[in-house]
Amino acid sequence: MFIDTHCHLDFPEFNQDRDQVIKRAKDQGIDYIINIGSSIEGSKRSVELSREYDNIYATIGIHPHEADNFNNEDEIILRELAKKDKVAAIGEIGLDYFKNYSKSDNQRKLFVSLIKLAKDFNLPLVIHTREAKEDTLKILKEAMPLKAVVHCFSGDENFLRDCLDLGFLISFTCNITYKKAGNLRDMVKLTPLDKLLLETDAPYLSPEGFRGKRNEPMQVKLLAQELAGIKGIDMEEVGRITTENAIKFFNLR
Ligand SMILES: [Zn+2]
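First residue of the sequence shown? That's 2 in the numbering used here, and the numbers climb one at a time after it.
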């Protein structure tokens with residue numbers, strides 16, 4: 002049993018064969034898929050997918066890349082969407098000072114607004130953070146208590162410990178399978194099993210052997226295999242524990 006807790010099946014990369022991709026995942030033992038909203042339109046499509054497919058849950062959110070365009074109307078739309086069935090979290094939200102597609106003060110403003118929204122609806126957060134550790138922690142600490150997962154973890158040991166101290170979950174993607182990702186595999190070692198989630202971030206970050214190709218949820222099994230090797234347990238155990246973590250975190254029923 003496996004759950005892909007973070008992918009973007011609403012993206013146009015899946016327009017030709019979305020249904021087959023979802024079916025393939027199911028056939029491969031991926032029991033649930035959490036489709037992540039990263040824009041207003043994407044959040045709407047995410048909720049639609051969760052209506053169409055029993056095994057899909059949705060999150061709604063606006064990626065920091067989109068922060069410059071965020072306005073009150075968007076917030077009203079998100080507040081409506083947050084009431085829908087099978088909306089399991091707010092995200093992905095956060096800060097990205099690596100690409101800086103939006104102004105950093107707008108990113109912070111958006112992040113704070115959507116954390117508030119999550120608290121109002123008692124939903125957990127899916128956090129995106131890149132080259133913005135300090136501000137991310139500062140904003141999150143001010144809003145505690147919070148339930149959050151740091152997605153596609155790419156930080157160092159200090160950041161990992163700070164996140165674990167706050168009680169957050171840590172989610173790793175298939176990029177831990179890359180030959181040069183020794184530092185990420187070290188972070189996996191340091192993360193307790195009961196704090197781990199699996200995600201593909203599909204269509205991005207295909208595992209080693211598939212790089213340059215579109216990623217898809219069934220590849221979460223290759224990630225589980227890698228994780229099992231690092232942790233010295235079998236893959237089924239990784240599946241069982243991370244599934245339990247995800248069901249609890251996203252309150253899946
Ligand atoms: Zn993502």
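Quick reminder that beta carbons are idealized off the backbone N, C-alpha and C, glycines included. As the structure is a computational prediction, the values presented were derived from the model and not from experiment.
Requested in this report: Return yes when the Cβ of Glu-67 is within less than 8 Å of the Cβ of Ser-103, no when it is not.
Outcome: If you number the sequence shown from 1, residue 103 lands on position 102. If you number the sequence shown from 1, residue 67 lands on position 66. The answer is yes: Cβ separation under 8 Å.
**Report entry** Own chain, CB closer than 8 Å to Lys-110, minus 5 neighbours either side, in chain order
**Finding:** One-based indexing of the sequence shown puts residue 110 at position 109. Excluding sequence neighbours, Lys-110 sits near Ala-68 and Phe-71.
Report task. Locate the beta strand (DSSP E) running through Ser-172, then write down its first and last residues. Result -> Position 171 of the sequence shown, counting from 1, holds the residue named residue 172. First-last of the beta strand (DSSP E) with Ser-172: 170 to 173.
Query raised in the report: Closest by CA to Gln-29, which one among Glu-237, Ile-242, Glu-245 and Phe-251?
Result: To locate residue 29, count along the sequence shown from 1; it is residue 28. Per the Cα distances, Glu-237.
Requested in this report: Over the uninterrupted alpha helix (DSSP H) stretch that includes Cys-164, give me the two end residues.
Outcome: Translated into the one-based positions of the sequence shown, residue 164 becomes position 163. 158 to 166 is the span of the alpha helix (DSSP H), which, as asked, contains Cys-164.
Query raised in the report: Around the Cβ of Ile-77, are there at least 16 other Cβ atoms within 10 angstroms (buried) or fewer (exposed)?
Result: Within the sequence shown, numbered from 1, the residue matching residue 77 stands at position 76. Exposed, since its Cβ has fewer than 16 Cβ neighbours within 10 Å.
Requested in this report: Go ahead and label Met-2 buried or exposed: buried means 16 or more other beta carbons lie within 10 angstroms of its beta carbon, across all protein chains shown.
Outcome: Within the sequence shown, numbered from 1, the residue matching residue 2 stands at position 1. Label assigned to Met-2: exposed.
Query raised in the report: Could you give the distance in angstroms between the alpha-carbon of Phe-250 and the alpha-carbon of Ile-4?
Result: The residue labelled residue 250 in the question sits at position 249 within the sequence shown. The residue labelled residue 4 in the question sits at position 3 within the sequence shown. So the two alpha carbons sit approximately 12 Å from each other.
Requested in this report: Inspect the CB distances between the stretch 151 to 161 and the stretch 123 to 137 and report whether three or more fall short of 8 Å.
Outcome: yes
Requested in this report: State whether the stretch 240 to 254 contacts the stretch 36 to 46, with contact taken as three or more CB pairs (one from each stretch) at a distance under 8 Å.
Outcome: no
Report task. For Met-188, count neighbouring Cβ atoms within 10 angstroms of its own Cβ and tell me buried if that reaches 16, exposed if not. Result -> Indexing the sequence shown from 1 puts residue 188 at position 187. Per the 10 Å Cβ criterion, buried.
Query raised in the report: Just the Cα atoms here: how many angstroms apart are Arg-186 and Gly-233?
Result: Counted from its first residue, the sequence shown places residue 186 at position 185. Counted from its first residue, the sequence shown places residue 233 at position 232. Each residue's Cα considered, the two are about 13 Å apart.
Query raised in the report: What do you reckon, is the C-beta of Asp-202 under 7 Å from a heavy atom of ligand 1?
Result: Counting from 1 along the sequence shown, the entry for residue 202 is found at position 201. Under cutoff, so the answer is yes.
Query raised in the report: Quick one: Cα of Gly-62 to Cα of Gly-92, how far?
Result: For the purposes of this step, residue 62 is taken as the residue at position 61 of the sequence shown. For the purposes of this step, residue 92 is taken as the residue at position 91 of the sequence shown. Whole-angstrom Cα-Cα distance: 4 Å.
Report task. For the beta strand (DSSP E) holding Phe-3, just list the boundary residues, first then last. Result -> Looking up residue 3 in the sequence shown gives position 2. Start and end: 3 to 8.
Query raised in the report: In its own chain, which residues sit with a C-beta less than 6 Å from the C-beta of Leu-124, not counting the 5 before and 5 after it?
Result: Numbered from 1 along the sequence shown, position 123 holds the residue referred to as residue 124. Result list for Leu-124: Ala-90 and Ile-91, in chain order.
Requested in this report: With a threshold of 7 Å, establish whether the CB of Ser-172 neighbours any heavy atom of ligand 1.
Outcome: For this step, residue 172 is matched to residue 171 along the sequence shown. Ser-172 Cβ: outside cutoff for every heavy atom of ligand 1.
Query raised in the report: To which residues of the same chain is Phe-169 closer than 7 Å at the C-beta, ignoring the five residues directly before and after it?
Result: As a first step, residue 169 must be located in the sequence shown, where it is residue number 168. Cβ neighbours of Phe-169 beyond the five flanking positions: Ala-149, Val-150 and Val-151.
**Report entry** For Thr-178, three-class secondary structure by DSSP
**Finding:** Along the sequence shown, read from residue 1 onward, the residue named residue 178 stands at position 177. DSSP places Thr-178 in helix when its eight states are reduced to three.
Query raised in the report: Across which residues does DSSP place Ile-91 in a beta bridge pair?
Result: Here residue 91 refers to the residue found at position 90 of the sequence shown. Beta-bridge pairing links Ile-91 to Ile-61 and Leu-126.
Query raised in the report: Does DSSP put Ala-225 in a helix, a strand or coil?
Result: Within the sequence shown, the letter at position 224 stands for residue 225. Looking at Ala-225 - three-state DSSP - the assignment turns out to be helix.
Query raised in the report: Considering only residues of the stretch 179 to 252, which uninterrupted beta strand (DSSP E) runs meet the minimum length of 3 residues and lie entirely inside it, listed in chain order?
Result: 197 to 199
**Report entry** Sequence-distant residues of its chain with Cβ nearer than 6 Å to Leu-167 (five each side left out)
**Finding:** For the purposes of this step, residue 167 is taken as the residue at position 166 of the sequence shown. Excluding sequence neighbours, Leu-167 sits near nothing in its chain.
Query - Own chain partners of Lys-190 with C-beta closer than 8 Å, once the 5 adjacent residues on each side are dropped - result: Counting from one through the sequence shown, the residue named residue 190 turns up at place 189. Closer than 8 Å at Cβ, skipping near neighbours: Ile-231 and Lys-232.
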